[in-house]
Amino acid sequence: MFRARVTSSGALFHRFVAKHLLLVLPSVFVAFAAEPVCAQNAADRVQGKALFQREWTHNSPKLPPRTVMSDASYIQLLKSLPGDGLGPMFNATSCEACHDRGGSSGVDRNVTMLIIDPRSPIIDSLLRSSTRQDADLRKQLGRKIDSLFPGFISPRGAVALDVVVHESSARGGYRAIRKQLTEGVPGGIDPEWFDRSKRTPQAIAERPVIAGRRGDIDFYLSQRNSPPLFGMGLIDSISMTRLSQIAASQNRRTSGQVTGRVGTGKFGWRAQTPSLDAFVRGACAGELGLQVPSTPQPPDLANLNYVSLGEDLNKKELAQLVSYVQSLPAPVNSRQIVDDDWTTARHGKRLFAKIGCVDCHVENVSPARGIYSDLLLHDMGDLLQAPSPASSGNLTGVPRLRVPFVPRDSIPIGSGSSIASYYSSASAPLPYALERPEEPVFPYGQVPKLYYETKNASRLRWDLLQREWRTPPLWGVADSGPYLHDGRATTLNAAIRWHGGEAQQSVMEYRSLIKADREALLSFLKSLRSPVDPKPNQSKPDRSDHWIDSVAVDVSATTKSETATSDTATPSTATSDTSNSDKDTNNAALDVFATGY
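The sequence shown begins at 349 in the numbering used here and counts up one residue at a time.
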C-alpha cells in the first residue's frame, strides 16, 4: 500500500498563509443568520405533518422582463413570485421518503458528498495567483474546478471544498455532470456504490471512500446515511453547557482515554448543526431543493442562469414543519424482545457498561432519558475515517478563496447563493503537509501519531478531524439500521466491530466476550426499539444472507508494520473471535481495510 512521505513539521502547510482571500466553507445550508421559528399548538403540528408527508413537484417560474428596474427592485419582484417547488437539485421528493414516520432509511437514500483535498496543487496555484492579483489565471483555475463539478463555485465566485452530489435534478442536463465524476477514479465507480437504485451496504463497506484525481485536483467521494428523527425535540432542549460538563467528566473518569469534544451543535453526523430549526431548514433546501426563509436552494448545476427566488415554504409553514419534527416521540425501552428474555437483555446492559460503551453512549442526558449518547465528537479510528471533517472550532482554518468567475453575469442574484451542505462542518482546519501520492488514495498519507491527541487543540488537523463523529443516540437502534455514518453495517454486531480510536479498547473487550455474553449485549441493544413498528421491508435481519467472501486479503503483515505509527489496530489484530460463527455481511470488509480506502 502506498505510504506518502511526511514533510517537516515546520513546513506545515505554510502555503496557506495567504491573506485577503475568500473561501465560503460548507456550513449548515444556512447562508444568513436566521431567527429560529417555532409553532406550539396541535393544529400547527397537524399542518406540519402534512408538509412532512407532502410529495413535491417542480414548476419552473416564468420570470418577468426586467425593463428599467433597479437591481433591488427586480430582486424584490422575483422574491414575490411563487416558488418552483421541488429542486431543481434534490435527493428526495418528500421528507417522509427518507424518514418514514420519523425513522431512518436504507443506503438507497444516502447522500453523496464530493470533497477537494486542500493539498491539491490547484489550491496552491489559486492561493499563489490570488496574492499576485492575477485575475486571468484565477479565472482559468476556477474553470478547472468548475469542470470537475459546478457546485464548488458560487454565483459570486466563492470556492468551497466540499459539496453534495445530488441524486437528481428536476431539470435536464445534470445526469451527465454527475456521471463524469467517474472520470479520474481508478477502476471507475461501482454502480452499487454510486447508483441509488443499485446501492448496497456491501459495496460501501468494501470501499467507504472513493479517491480520484482530475489533473491537479485530488478529490474524494463519501456517503452519509439519513438518521432517524425520533426525540429531536428533546435533543434540541439539551444545553451546550451540559455537553461541556459531560466532556470534562468523561476525560477525568477515563484518565484521558476518552476525550469527547463539543461540536458546533447537537445535530448531524459531525455535530455541525446548531439547532433543530437549522437542521430542518438545511434538509428542506439541501434534500428537497426548496427555497425557505434565510436558506436558499442549491443552484441548477446544468444551467447556472436558472433563477427562482420565490419561497416554497413561508416562515409560518416552516415553523409548522419544525413543530411536527419536534413532536416526534422519543423511543422507549421495550420488553418485546427476542424470546421475551428480559433477563438476558438486562445482563447485556450490564456488559454494555462493563466494557466501556457507556463512556460515550450515556444513558440519560437531561431531559433526554434513554438517549444513550453524549452528543460529543469522538475519534473513531482509521476504519471510520472519511473526508469532510468535523468542525475545527476556533482553530486556524484554510484561507478563504475566491475566483473571478461569475456564471450569472446577466442576473443580479440567483438561486443557490449558498453552496453549503448541512452535512459538512462550519470550518475547515489546516491539513497536515504531506507529499502528494503518486496515485489517488484516501487517506492522503500517514500523519504522525503525536497528532492524534485531540486533547491538544494545536495539533488538530484536517486529516485527524476526519476521524471524529458525533456519538449517535442509540434509542430506537433496533429499528434504525443500517448503521454508521454511511450505512455500511447491516447488523449491530458489524457496527460495533467497525469502531476504533477511542472505542478500540471496548471493541477488543466485546470481541473477547464469550458468545453468550455477546448475544446478551446485542439482546440489550435490540430492546431499544423505535416508537413505531418498522415496515416489513425495513426490518433489519440480525444475520446477513451472504458474506463478502470474494475478497481474501492477508493483512497480518500490514497491521504489524502499522501498529507503531497508528493508534488504531485493524480488527484482524484484535482478540480472536473464534466463537462467532454467525458472521455478518460487513465483517469481512473490516479485514481488507488495508487496501487503502
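Note that the Cβ used here is the ideal one computed from N, Cα and C, for glycine as well.
**Request:** Could you name the residues of the same chain whose beta carbon sits closer than 7 Å to that of L813, not counting the 5 residues immediately before and after it, in chain order?
**Result:** Sequence-distant partners of L813 (beyond 5 residues in either direction) whose C-beta falls short of 7 Å from its own C-beta, in its chain, are P737, A738, S740 and P777.
**Asked** Taking D834 as the reference, which of F567, S671, G634 and S574 has the closest Cα?
**Response** Taking only the C-alpha atoms, the option nearest D834 is S574.
**Asked** Between E816 and R609, which are expected to be in contact by the criterion C-beta below 8 Å, what is the C-beta distance as a whole number of angstroms?
**Response** Sure, about 7 Å apart at Cβ, within 8 Å.
**L953 vs G490 beta-carbon contact at 9 Å** = Past the boundaries of the shown model lies residue 953; the chain is included only from 349 to 945, so the question cannot be answered.
**Distance between L870 and N841 (C-alpha atoms, nearest Å)** = N841 and L870: Cα-Cα distance of roughly 7 Å.
**Item:** Per-residue DSSP class, three states only, for M437
**Value:** It is a strand residue.
**Request:** Leaving aside the five residues before and after K397 along the sequence, list all residues of the same chain whose C-beta is less than 6 Å from its C-beta, in chain order.
**Result:** Answer for K397: Y672, listed in chain order.
**Asked** Exposed or buried, I565, counting other C-beta atoms within 10 Å across all chains shown (16 or more means buried)?
**Response** Note on I565: 16 or more other CB atoms within 10 angstroms of its CB, so buried under the neighbour-count rule.
**Asked** Across which residues does DSSP place R572 in a beta bridge pair?
**Response** Listed as beta-bridge partners of R572 by DSSP are V459.
**Message:** My output table needs one value for G713: the three-state DSSP class, helix, strand or coil.
**Reply:** In the sequence under discussion, the amino acid at residue 713 is Val, which differs from the Gly named in the question. Reduced to three states, the DSSP call for V713 is strand.
**Message:** Give me, in chain order, the residues of the same chain whose beta-carbon lies closer than 7 Å to that of N389; leave out the 5 immediate sequence neighbours on both sides.
**Reply:** The same chain holds no residue with a CB closer than 7 Å to that of N389 once the five nearest residues on each side in sequence are set aside.
**Prompt:** Buried or exposed: where does R877 fall if 16 or more other Cβ atoms within 10 Å of its Cβ makes it buried?
**Reply:** The Cβ neighbour count for R877, taken over all protein chains shown within 10 Å, is at least 16; the residue is labelled buried.
**Prompt:** What is the rounded straight-line gap between the Cα of A440 and the Cα of S452?
**Reply:** Taking C-alpha positions only, A440 is separated from S452 by approximately 14 Å.
**Message:** Let me make sure I understand the geometry here. Which of Y799, S854 and T819 has the alpha-carbon closest to that of K614?
**Reply:** When Y799, S854 and T819 are compared, the shortest CA-CA separation from K614 is found for T819.
**Request:** Determine the direct distance from the alpha carbon of I862 to that of H695, and round the result to whole angstroms.
**Result:** Cα to Cα, the separation comes out at about 13 Å.
**Asked** Using CA coordinates, which residue listed in P539, D881, D707 and G563 is at the minimum distance from V855?
**Response** For V855, the nearest C-alpha among the options comes from D707.
**Residues of its chain near T913, where Cβ-Cβ distance is below 8 Å and the 5 sequence neighbours each way are ignored** = In this prediction, T913 has a pLDDT of 32, which is less than 50 and means its spatial position is unreliable; nothing more can be read from the coordinates.
**Prompt:** Are the beta-carbon atoms of N458 and R547 separated by less than 9 Å?
**Reply:** Contact flag set, yes.
**Asked** Near R449, which residues of its chain fall below 6 Å by C-beta distance, leaving aside the five closest residues on each side in sequence?
**Response** Same-chain partners within the cutoff: V880.
**Message:** I'd like the ranges of any alpha helix (DSSP H) spanning at least 4 consecutive residues and lying wholly in the stretch 508-579.
**Reply:** Contiguous alpha helix (DSSP H) elements confined to the stretch 508-579 occur at 522-527, 539-542 and 549-554, taking only those with 4 or more residues.
**Prompt:** Buried or exposed: which applies to P646, given that a residue is buried once 16 or more other Cβ atoms fall within 10 Å of its Cβ?
**Reply:** Buried, because 16 or more other Cβ atoms sit within 10 Å of the Cβ of P646.
**Request:** Pull up the DSSP beta-bridge partners for E816, would you.
**Result:** Beta-bridge pairing links E816 to D727.
**Message:** Spatial neighbours of P549 within its chain, please: C-beta separation below 6 Å, excluding the five flanking residues on both sides.
**Reply:** V455, P830, G835, R836 and T838, listed in sequence order.
**Prompt:** What three-state label does DSSP hand F497 in the structure shown?
**Reply:** Looking at F497 - three-state DSSP - the assignment turns out to be coil, as it is neither helix nor strand.
**Request:** Please check the pair R809 and R467, which I expect to be a contact at CB under 8 Å, by giving their CB distance rounded to whole angstroms.
**Result:** Contact between R809 and R467 is absent: CB atoms are separated by about 11 Å, not below the 8 Å threshold.
**Item:** Buried or exposed (CB count within 10 angstroms, at least 16 for buried), G848
**Value:** Sixteen is the threshold: when 16 or more other Cβ atoms of the shown chains lie within 10 Å of the Cβ of G848, as they do, the residue is buried.
**Per-residue DSSP class, three states only, for A619** = A619: coil per DSSP, three-state reduction.
**Asked** With which residues is R609 paired in a DSSP beta bridge?
**Response** For R609, DSSP records a beta bridge to L725.
**Prompt:** Taking one C-beta from the stretch 552-561 and one from the stretch 524-536 each time, how about it: are there three or more such pairs within less than 8 Å?
**Reply:** Yes, since at least three Cβ pairs between the stretch 552-561 and the stretch 524-536 fall closer than 8 Å, the two stretches touch.
**Item:** Beta-carbon separation (whole angstroms), Q668 vs D392, contact threshold 8 Å
**Value:** Yes, they are in contact, since the Cβ atoms of Q668 and D392 sit about 5 Å apart, within 8 Å.
**Message:** By alpha-carbon positions, which one of H514, W823, D811 and F578 ends up nearest to A650?
**Reply:** Selected option, being the one with the closest Cα: H514.
**Request:** Whole angstroms is fine: what's the gap from A524's alpha carbon to S516's?
**Result:** If you draw a straight line from the Cα of A524 to the Cα of S516, it comes to about 11 Å.
**Prompt:** T691 bridges to which residues according to DSSP?
**Reply:** The partner list for T691 (beta bridge, DSSP) is empty, contrary to what the question assumes.
**Asked** Can you check whether the CB of F567 is closer than 9 Å to the CB of D465?
**Response** Yes, Cβ-Cβ distance for D465 and F567 is below 9 Å.
**Message:** Taking the alpha helix (DSSP H) that K614 belongs to, which residues open and close that run?
**Reply:** For K614, there is no enclosing alpha helix (DSSP H), since its DSSP letter is neither H nor E.
**Asked** Across which residues does DSSP place H406 in a beta bridge pair?
**Response** By DSSP's assignment, H406 forms a beta bridge with G433.
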